[in-house]
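Trainee: Before anything else, here's the structure in question.
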Amino acid sequence: MNLDIAKGKWKQAKGAAKEKWGELTDDEIDQADGNIDMLVGKIQTKYGKTKAEAEREVEDFVASL
């Protein structure tokens, strides 16, 4: 998956991302800056998920925006 969330949409989505993945810090979410691959990696690391699991979560999240 190599998609980016549009910058304007990411600003709106940050709050929802913080709610969904509460263990991610504000800095981690800011570092992702709409880059889905980076967000997947941070979710994998923080939650101990496989890449496929994290990608599915992020895909569902993006689809819900």
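Under this note's numbering, the residue at position 37 of the sequence shown is numbered 1188, and the numbers go up by one with no gaps. Even glycine gets a Cβ: it sits at the ideal position worked out from N, Cα and C. This structure is a prediction, so every number in the text was calculated from the model and none was measured.
Between A1164 and G1192, what straight-line distance do the alpha-carbon atoms span, to the nearest angstrom?
Mentor: 18 Å
Trainee: Does the separation of the CB atoms of I1194 and A1205 fall below 7 Å?
Mentor: Going by C-beta atoms, I1194 is nearer than 7 Å to A1205.
Trainee: Just to confirm the assignment, what range does the alpha helix (DSSP H) spanning K1197 have?
Mentor: 1187-1198
Trainee: Going along the chain, which residues of its own chain have a beta-carbon closer than 8 Å to the beta-carbon of V1209, five neighbours each way excluded?
Mentor: M1152, I1187, L1190, V1191, I1194
Trainee: Apart from the five residues just before and just after K1160, which ones in its own chain have a Cβ nearer than 7 Å to its Cβ?
Mentor: L1216
Trainee: Do you know offhand how far D1178's Cα is from T1201's?
Mentor: 22 Å
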